[in-house]
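Enquirer: Got a structure for you, questions after.
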Amino acid sequence: MPAPIRVDAQVASLSQEGTASWRLWLRVPAWPGFEPGQFVMLSPGPRGAAPRSDPLLPRPMAVYRERRANGESEIEILFKRHGRGTALLAACAPGDRVGVVGPLGRGFGQTSERALLVAGGTGIASVYELAARQEGRAPGTARVLLGARTGADLMGVSDFEALGVALEIATEDGSLGRRGLVTDLLEAELARDASAHVYACGPTAMMRRCAEIAASRGAPCSASLENPMACGFGVCLGCAAPLRAGGFALVCRDGPVFDAAAIAWEGMP
Amino acid sequence: MPAPIRVDAQVASLSQEGTASWRLWLRVPAWPGFEPGQFVMLSPGPRGAAPRSDPLLPRPMAVYRERRANGESEIEILFKRHGRGTALLAACAPGDRVGVVGPLGRGFGQTSERALLVAGGTGIASVYELAARQEGRAPGTARVLLGARTGADLMGVSDFEALGVALEIATEDGSLGRRGLVTDLLEAELARDASAHVYACGPTAMMRRCAEIAASRGAPCSASLENPMACGFGVCLGCAAPLRAGGFALVCRDGPVFDAAAIAWEGMP
Amino acid sequence: MSDAEDVDLRVELAGIPLRNPVLTASGTFGYGTEFAPFLDLRRLGGFVAKSLTLEPRRGNPPPRIAEAPSGMLNAISLENVGVDAFVREKLPALPEGVVVVASLFETEIDRYAEVAKRLSGVARVSGLELNASCPHVKSGGIEFGQNPAVLATLVRAVRRATTLPLLVKLSPNVTDIGEMARVCEAEGADGLSLINSVQALEIDVERRRPVLSNGLGGLSGPAIRPIALRMVWQARRAVKLPICGMGGIASAEDAVKFLLCGATAVQVGTQNYLDPAAAAGVVDGIRAYCARHGFSRVVDLVGALDMRRP
Amino acid sequence: MSDAEDVDLRVELAGIPLRNPVLTASGTFGYGTEFAPFLDLRRLGGFVAKSLTLEPRRGNPPPRIAEAPSGMLNAISLENVGVDAFVREKLPALPEGVVVVASLFETEIDRYAEVAKRLSGVARVSGLELNASCPHVKSGGIEFGQNPAVLATLVRAVRRATTLPLLVKLSPNVTDIGEMARVCEAEGADGLSLINSVQALEIDVERRRPVLSNGLGGLSGPAIRPIALRMVWQARRAVKLPICGMGGIASAEDAVKFLLCGATAVQVGTQNYLDPAAAAGVVDGIRAYCARHGFSRVVDLVGALDMRRP
Ligand SMILES: Cc1cc2nc3c(=O)[nH]c(=O)nc-3n(C[C@H](O)[C@H](O)[C@H](O)COP(=O)(O)OP(=O)(O)OC[C@H]3O[C@@H](n4cnc5c(N)ncnc54)[C@H](O)[C@@H]3O)c2cc1C
Ligand SMILES: Cc1cc2nc3c(=O)[nH]c(=O)nc-3n(C[C@H](O)[C@H](O)[C@H](O)COP(=O)(O)OP(=O)(O)OC[C@H]3O[C@@H](n4cnc5c(N)ncnc54)[C@H](O)[C@@H]3O)c2cc1C
Ligand SMILES: Cc1cc2nc3c(=O)[nH]c(=O)nc-3n(C[C@H](O)[C@H](O)[C@H](O)COP(=O)(O)O)c2cc1C
Ligand SMILES: Cc1cc2nc3c(=O)[nH]c(=O)nc-3n(C[C@H](O)[C@H](O)[C@H](O)COP(=O)(O)O)c2cc1C
Ligand code: FES
Ligand code: FES
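Residue numbers (this note's numbering), protein chains in the order written: chain A, 1 to 269; chain B, 1001 to 1269; chain C, 2001 to 2310; chain D, 3001 to 3310.
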């Protein structure tokens, strides 16, 4: 796992996509690279002489992908405008500074023979790189299932299409792909073939359901959790996730990716 | 005096001028007009669903001038970037919303026969409209003396020149106009002719000196004070200015323009 | 989801019937008339006027205010027009139908009682708010509201002096707000207002002095909201008295938080400076919240907080 | 205006010599090693480790944190690795030359004393910080630091148990911080740390529940800085003990404010989450401030506040 850095990054570009999604490219000096599933803590808004103290906390965001652009390393963040912190991010202009700490956490690790990626909402951003690397290493072994309330809410679909991975979409209003929940797609998939490893990221309810479905089919399932965080590197103890075995794991340090069977889902916030 | 309004204005344009000065045009629905010396309270930054709570207080700013632009009323603010609030103002983009309360306070009132306007720093913004109206009503009866540390710090010089008023400039480094303090210009002026009414706005030390010089020459002197304010309309009692006669006046309600002889300058913050 | 227009916003606070639970806080709303250009005062549940003393007072030299993270400090001291001028000049200037609560503070107990007397029987005064966050000269400058025995004597004296609905406004600078609440209940107060501003200090590092001429000041604004919510909740568990909650309310959601913690009504304070029409917006927002969540009466929100572990 | 490199930043805190007055606060700096990727721990005056109990503890279920205006709430409870694992595993992992202050908290006095004993004589531990902001079961869950008599017994017991430099960390949830400071001085503490987080409550209006599973939590961050500065200033006037000040420090200027109010050293807390290298930046900024203002020794800033009215 690359060692995390703390740096003032610079906004290379920001563009809106769909209804409430943004694509943010950040120029990150000395970026050490990342593993799929790792994340960064972002501090948008005024820095330095006149720093922002409200909203106070940095925001955790998955690293969507990385690139070298004219000799500098850049990372892309795909985010949804939710509250005040993401509103600040969405208000950034090219050249603005954004505090970055990362890459943080333990990612999905080496993926297995056949990978079934299930993502919804902001969780989509956490699985793209996983799909990309799996497809690169063993073409045709990854299937991606994406879900949203409506088509316009889906982030990054074009990128997944460009990868050429097998892609299925479900929307609750049927505006894109199949009408229904992404977990319906998962059930169908596993009914056909339960040998794949399930990688899930999205709303807690969705991941919990994925865990249940995979368990019932005897398929292994990894889930990438999205708990509120203050630090992102294991010191505030704020991101605790309850474990089946009792006690808690720290999502930022021991995760965000966990064996879904190890999580006490009923105790998740 | 026009009754004040409270409205979400929209940034029509923002441009930097010199080193640390900005020109801000705000589109203000139902703007009732203003008297020279009156001011507004501005609340920049996010509003509505995700409001800013830091920096908390609105910022008092003189109304520099007003205009009608394609059927809408706009006001211009000339401001210096000082701390966090003016940093937020300087970060505004066209279309951004800025909370406006005003026009507030009592202005310079009807000016007299001959007007000697003395301004420094941000105070320059408070006297422009006074000069404009005096020049319009009785051409040649207003003289304007502007001062700054260095030429690049001076705001709005071109506008005063465009008015065609008699204009003299002093800078401490001599980079523009005479080398020295604007109060030196005032002394020379009053030595030649002490019949003019002095209107002063700028740093407290400068206004205090103007008051002393005018008093020594027996010339009447009005000063526009810049005290920290929380409300701007007489309810927080935060902007108190100490009076010679004892007790305090409220700068926002009883001023910002006062008879300089009535202020207990030694007690000013 | 019911219709916003149908929501019943009326509450009764310490015997004062209010058309809605939103008042404005003492010292942040002047004498009311200053806000006439910005909102119709009759849209509010009522307002609490700037605290009054027996004689007119001048207050502290500048600087009196300073900005703080998500808040502000103030040290205005006792500046006000005095109780008689308030009754003679300020009250008559208010439109009919505006509910006025008069706030009083003083430096000695008998003077407090005298101010209360002079306000009693005045037609336009619907109730009194006793500001106990004032330095008590006799007990070495600590606030009346910081010592249970002193507070008890004060409330007793003022209670004797008036038959008007009596709210006691508590100081947050105490170890146990519940104890102070119980004292007020025992001495016959009709309700509680909390919290007053939190004692604080801001420093000018360049001049190496306090920013305020007075040195210490009171912290108000959103910064203190989580502290205020905690104290309202604690006071609610300590006594049966109705509570008027305040501290950093900037939106209707903020106000609802106080109602949920057990406040019967709320006061908007510092936010009035940022937006002189803020309190009216809070009223509309509470109505919308009730409609959205299917509450036909705002009183059903009072104390509706679920404290069981999720 | 002197040369920044020449500024003498050394201070002595309660008998602990520090290369500079900047430490990091318990619970915000883990066990130190977590920050190795971001800064050289030897650049700091020292750090206070997460509070330790006799046995390892698990802490509260989520949610444990919530954002607040210019601050955050936390209710982590007692979660820590336990005193023995700290000595066995955490301390040895730290580079030489890092000054470590061990913090302890417990629910009963004899257990506090036992933790202090086990930390005494451990080579790498330079001093103890006694966290008194912990609910005292026997006195119905109120904090040890909220009752002078209970605090006295606690400090006495721990003082007997150790010869290490002993800092007592005070709770801000009290009427009179000076009284608590005097109790610590009388019982033989070597210094004071203040303030701990301020008891607070945040509400989820949609679910009509507290945001934190624990209900109440501790407010930290810039929001509480003016309160912390006030309390440090009050404690300074009450006792001679050296003070380690904290509460919302986000910059060197903030740190200087605490020194001016009479703190000998400071602790950076919540800011470590926003910027894991923050404390190092505070050190550099204090040096620059001293140079800019002609202070050749940082100790000359301590208590240099001018309280005369301007
Ligand atoms: C490991 C990880 C990776 C993530 N990756 C992405 C991503 O790639 N794209 C994206 O759009 N979002 C992502 N999220 C969610 C994102 O962090 C939240 O949407 C964001 O913090 C909301 O902040 P806000 O200020 O807009 O909302 P607010 O409601 O104003 O936030 C208030 C507080 O709650 C926290 N919070 C609110 N919602 C969430 C949430 N869903 N998860 C965690 N904390 C939350 C905030 O961090 C803040 O501390 C990720 C979360 C985690 C934990
Ligand atoms: C009646 C009046 C008219 C003004 N007109 C103008 C103008 O036209 N152009 C302009 O550039 N400036 C003007 N000022 C000064 C302007 O208000 C301050 O520069 C501004 O408030 C600084 O805010 P800040 O956040 O940048 O500084 P900060 O230092 O971050 O502000 C902290 C607090 O101090 C207050 N404050 C700081 N400096 C001043 C000051 N000089 N006067 C009043 N309050 C201050 C702020 O309002 C805020 O409450 C005027 C002030 C007054 C009272
Ligand atoms: C400038 C100012 C003056 C105040 N004056 C008074 C007062 O005279 N009497 C009083 O009881 N409270 C006074 N307060 C306290 C407020 O009424 C209120 O209790 C406190 O500000 C917390 O609410 P807020 O955070 O919404 O402002 C004052 C507050 C401010 C900011
Ligand atoms: C998440 C979190 C956990 C904390 N844990 C402890 C602790 O274990 N022991 C302790 O004495 N203080 C603890 N504190 C309090 C801090 O040490 C500090 O006193 C307080 O946060 C105020 O400083 P700040 O505003 O700079 O954070 C904790 C604070 C936070 C935010
Ligand atoms: S976010 Fe701080 S420990 Fe995980
Ligand atoms: S600024 Fe509030 S009274 Fe003048």
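We treat Cβ as the ideally placed atom computed from N, Cα and C, and that holds for glycine. In this text the structure is predicted, and so the values were computed from the model without any measurement.
Below 9 angstroms on C-beta distance, what does B:Asp1096 contact in chain C?
Expert: For the purposes of this step, residue 1096 of chain B is identified with residue 96 of the second sequence, where counting begins at 1. Under the 9 angstroms cutoff, chain C gives no residues; its nearest Cβ is about 17 angstroms from B:Asp1096.
Enquirer: Using Cβ-Cβ distances below 7 angstroms, what residues of the segment 2191-2222 of chain C are close to chain D?
Expert: Correct list: Val2198, Gln2199, Ala2200, Leu2201, Glu2202, Ile2203, Val2205, Arg2208, Arg2209, Pro2210, Ser2213, Gly2215, Leu2216, Leu2219, Pro2222.
Enquirer: Does the Cβ of B:Gln1110 have 16 or more other Cβ atoms within 10 Å, making it buried, or fewer, making it exposed?
Expert: Sequence index remark: in the second sequence, residue 1110 of chain B carries index 110 (1-based). By the 10 Å Cβ count, B:Gln1110 comes out exposed.
Enquirer: Could you pull the start and end residues of the alpha helix (DSSP H) that A:Phe160 belongs to?
Expert: As a position in the first sequence, residue 160 of chain A is number 160, starting the count at 1. Element bounds for A:Phe160: 157-163.
Enquirer: Residues of the segment 1220-1249 of chain B in Cβ contact with chain C at a cutoff of 9 angstroms, in chain order, please.
Expert: Taking 9 angstroms as the Cβ-Cβ cut-off against chain C, the residues of the segment 1220-1249 of chain B that qualify are Asn1227, Pro1228, Met1229, Ala1230, Cys1231, Gly1232, Phe1233, Gly1234, Val1235, Cys1236, Leu1237, Gly1238, Cys1239, Ala1240, Ala1241, Pro1242, Gly1246, Gly1247, Phe1248.
Enquirer: Taking CB distances under 9 angstroms as the criterion, tell me whether B:Ile1005 reaches chain C.
Expert: Counting from one through the second sequence, the residue named residue 1005 of chain B turns up at place 5. It does: the Cβ of B:Ile1005 has a partner Cβ on chain C nearer than 9 angstroms.
Enquirer: A:Ala264 and A:Leu243 look like a contact to me (Cβ under 8 angstroms); what is the Cβ gap, rounded to whole Å?
Expert: Position 264 of the first sequence holds residue 264 of chain A. Position 243 of the first sequence holds residue 243 of chain A. The pair is a contact, with the Cβ atoms about 6 angstroms apart (cut-off 8 angstroms).
Enquirer: Any residues whose CB sits closer than 5 angstroms to a heavy atom of ligand 2? List them in chain order?
Expert: Listed by chain position, these are B:Phe1039, B:Leu1057, B:Arg1059, B:Pro1060, B:Met1061, B:Ala1062, B:Phe1079, B:Lys1080, B:His1082, B:Gly1083, B:Arg1084, B:Gly1085, B:Thr1086, B:Thr1122, B:Ala1125, B:Glu1226, B:Pro1228, B:Pro1256, C:Glu2067.
Enquirer: Below 8 angstroms CB to CB, which residues in the same chain sit around C:Arg2057 once its five sequence neighbours on both sides are set aside?
Expert: Indexing the third sequence from 1 puts residue 2057 of chain C at position 57. Contacts found: Ser2077, Leu2078, Glu2079, Asn2080, Gly2082.
Enquirer: Consider the Cβ of A:Arg52: report whether some Cβ of chain B lies at a distance smaller than 9 angstroms.
Expert: Walking along the first sequence from the start, residue 52 of chain A turns up at place 52. So yes, A:Arg52 belongs to the interface.
Enquirer: What first and last residue would you give for the beta strand (DSSP E) that runs through A:Asp259?
Expert: Within the first sequence, numbered from 1, the residue matching residue 259 of chain A stands at position 259. 257-259 is the extent of the beta strand (DSSP E) around A:Asp259.
Enquirer: Ligand 5 and D:Tyr3031: does the residue's C-beta get closer than 8 angstroms to at least one heavy atom of that ligand?
Expert: The residue given as residue 3031 of chain D occupies position 31 in the fourth sequence. Outside the cutoff, so no.
Enquirer: For chain B, find out if any of its Cβ atoms is closer than 9 angstroms to the Cβ of C:Phe2144; answer yes or no.
Expert: Position 144 of the third sequence, counted from the first residue, corresponds to residue 2144 of chain C. Output row for C:Phe2144: interface = no.
Enquirer: Is C:Ala2238 close to chain D, meaning its C-beta is less than 9 angstroms from at least one C-beta of that chain?
Expert: The residue you call residue 2238 of chain C lines up with position 238 of the third sequence. No - not a single Cβ of chain D is within 9 angstroms of the one on C:Ala2238.
Enquirer: Excluding the 5 residues flanking C:Pro2062 on each side, which residues of the same chain have their C-beta closer than 8 angstroms to its C-beta?
Expert: In the third sequence, counting from the first residue as 1, residue 2062 of chain C sits at position 62. Answer for C:Pro2062: Ser2213, listed in chain order.
Enquirer: For a minimum of 3 consecutive residues, which ranges assigned as the beta strand (DSSP E) are wholly contained in the segment 3098-3123 of chain D?
Expert: With a minimum length of 3 residues, the continuous beta strand (DSSP E) runs that stay inside the segment 3098-3123 of chain D are 3100-3104.
Enquirer: Cβ of D:Gly3218 within 9 angstroms of Cβ of D:Asn3074?
Expert: If you number the fourth sequence from 1, residue 3218 of chain D lands on position 218. If you number the fourth sequence from 1, residue 3074 of chain D lands on position 74. Yes, Cβ-Cβ distance for D:Gly3218 and D:Asn3074 is below 9 angstroms.
Enquirer: State the start and end residues of the unbroken beta strand (DSSP E) segment that holds D:Ser3171.
Expert: Position 171 of the fourth sequence, counting from 1, holds the residue named residue 3171 of chain D. Segment: none, D:Ser3171 is in no beta strand (DSSP E) and carries neither H nor E.
Enquirer: To the nearest angstrom, how far is it from the Cα of C:Tyr2289 to the Cα of C:Pro2095?
Expert: In the third sequence, the residue the question calls residue 2289 of chain C occupies position 289. In the third sequence, the residue the question calls residue 2095 of chain C occupies position 95. Straight-line Cα distance between these residues: approximately 29 angstroms.
Enquirer: Would you mind giving the Cβ-Cβ distance between B:Leu1042 and C:Gly2071, rounded to the nearest angstrom? I have them listed as a contact below 8 angstroms.
Expert: The residue you call residue 1042 of chain B lines up with position 42 of the second sequence. The residue you call residue 2071 of chain C lines up with position 71 of the third sequence. 19 angstroms between Cβ atoms; not a contact.
Enquirer: With respect to 8 angstroms, is the separation between the Cβ of C:Gly2247 and the closest non-hydrogen atom of ligand 3 below this value?
Expert: Here residue 2247 of chain C refers to the residue found at position 247 of the third sequence. Yes, ligand 3 has a heavy atom inside 8 angstroms of this Cβ.
Enquirer: Determine the DSSP secondary structure at C:Asn2147, reduced to helix, strand or coil.
Expert: Along the third sequence, read from residue 1 onward, the residue named residue 2147 of chain C stands at position 147. Reduced to three states, the DSSP call for C:Asn2147 is coil.
Enquirer: Looking at the C-beta of A:Ser43, does it have a partner C-beta in chain D at a distance below 9 angstroms?
Expert: Start at 1 with the first residue of the first sequence, and residue 43 of chain A comes out as number 43. Yes, because at least one Cβ of chain D sits closer than 9 angstroms to the Cβ of A:Ser43.
Enquirer: Rounded C-beta distance between B:Pro1036 and B:Phe1108? I'm assuming under 8 angstroms.
Expert: Locating residue 1036 of chain B in the second sequence gives position 36, where the first residue counts as 1. Locating residue 1108 of chain B in the second sequence gives position 108, where the first residue counts as 1. B:Pro1036 to B:Phe1108, Cβ: 5 angstroms. Contact.
Enquirer: Between the alpha carbons of A:Leu176 and B:Ala1030, how many angstroms are there, rounded?
Expert: As a first step, residue 176 of chain A must be located in the first sequence, where it is residue number 176. As a first step, residue 1030 of chain B must be located in the second sequence, where it is residue number 30. Approximately 46 angstroms between the Cα atoms of the pair.
Enquirer: Runs of 4 residues minimum, wholly inside the segment 3228-3265 of chain D: which ones carry the alpha helix (DSSP H) assignment?
Expert: Complete alpha helix (DSSP H) runs here, min 4: 3252-3260.
Enquirer: Is D:Cys3184 close to ligand 6? I mean its beta-carbon at under 8 angstroms from any heavy atom of the ligand.
Expert: Taking the first residue of the fourth sequence as position 1, residue 3184 of chain D is located at position 184. No, since every heavy atom of ligand 6 falls outside the 8 angstroms radius drawn around the Cβ of D:Cys3184.
Enquirer: Using a Cβ-based criterion (distance less than 8 angstroms to any ligand heavy atom), does B:Val1235 qualify as near ligand 8?
Expert: Ligand 8 is not part of this structure, which contains only ligand 1, ligand 2, ligand 3, ligand 4, ligand 5 and ligand 6.
Enquirer: For A:Tyr199, list the residues DSSP reports as bridge partners.
Expert: Walking along the first sequence from the start, residue 199 of chain A turns up at place 199. In the DSSP output, where bridge partners are listed per residue, A:Tyr199 has A:Leu117, A:Ser222.
Enquirer: Below 8 angstroms on the Cβ atoms is my guess for A:Val98 versus A:Pro44; work out the distance and round it to an integer in Å.
Expert: As a working note, residue 98 of chain A is residue 98 in the first sequence. As a working note, residue 44 of chain A is residue 44 in the first sequence. That belief holds up - the Cβ atoms of A:Val98 and A:Pro44 are roughly 5 angstroms apart, short of 8 angstroms.
Enquirer: C:Lys2050 by DSSP, collapsed to three states: which one?
Expert: Start at 1 with the first residue of the third sequence, and residue 2050 of chain C comes out as number 50. Coil, per DSSP.
Enquirer: Using a beta-carbon distance below 9 angstroms, is A:Ala211 in contact with chain B?
Expert: The residue labelled residue 211 of chain A in the question sits at position 211 within the first sequence. Chain B, which has no Cβ nearer than 9 angstroms to the Cβ of A:Ala211, makes this no.
Enquirer: Closer than 6 angstroms by C-beta to C:Ser2251: which residues in its own chain qualify, once you throw out the five before and the five after it? Chain order, please.
Expert: For the purposes of this step, residue 2251 of chain C is taken as residue 251 along the third sequence, with counting starting at 1. Nothing meets the Cβ criterion.
Enquirer: Rounded to whole angstroms, how far is the Cβ of B:Arg1023 from the Cβ of B:Ser1015, which I believe are closer than 8 angstroms?
Expert: To locate residue 1023 of chain B, count along the second sequence from 1; it is residue 23. To locate residue 1015 of chain B, count along the second sequence from 1; it is residue 15. About 5 angstroms; that satisfies the 8 angstroms criterion.
Enquirer: Given a cut-off of 9 angstroms, decide if B:Ala1230 and C:Ile2065 are closer than it, judged by their beta-carbon atoms.
Expert: Within the third sequence, residue 2065 of chain C is the residue found at index 65, counting from 1. Within the second sequence, residue 1230 of chain B is the residue found at index 230, counting from 1. The answer is yes: Cβ separation under 9 angstroms.
Enquirer: Kindly give me the distance between the Cβ atoms of D:Ala3132 and D:Phe3144, rounded to whole angstroms, as I take these residues to be in contact under 8 angstroms.
Expert: Position 132 of the fourth sequence, counted from the start, is the residue given in the question as residue 3132 of chain D. Position 144 of the fourth sequence, counted from the start, is the residue given in the question as residue 3144 of chain D. Rounded, the Cβ-Cβ distance is 4 angstroms, consistent with contact.
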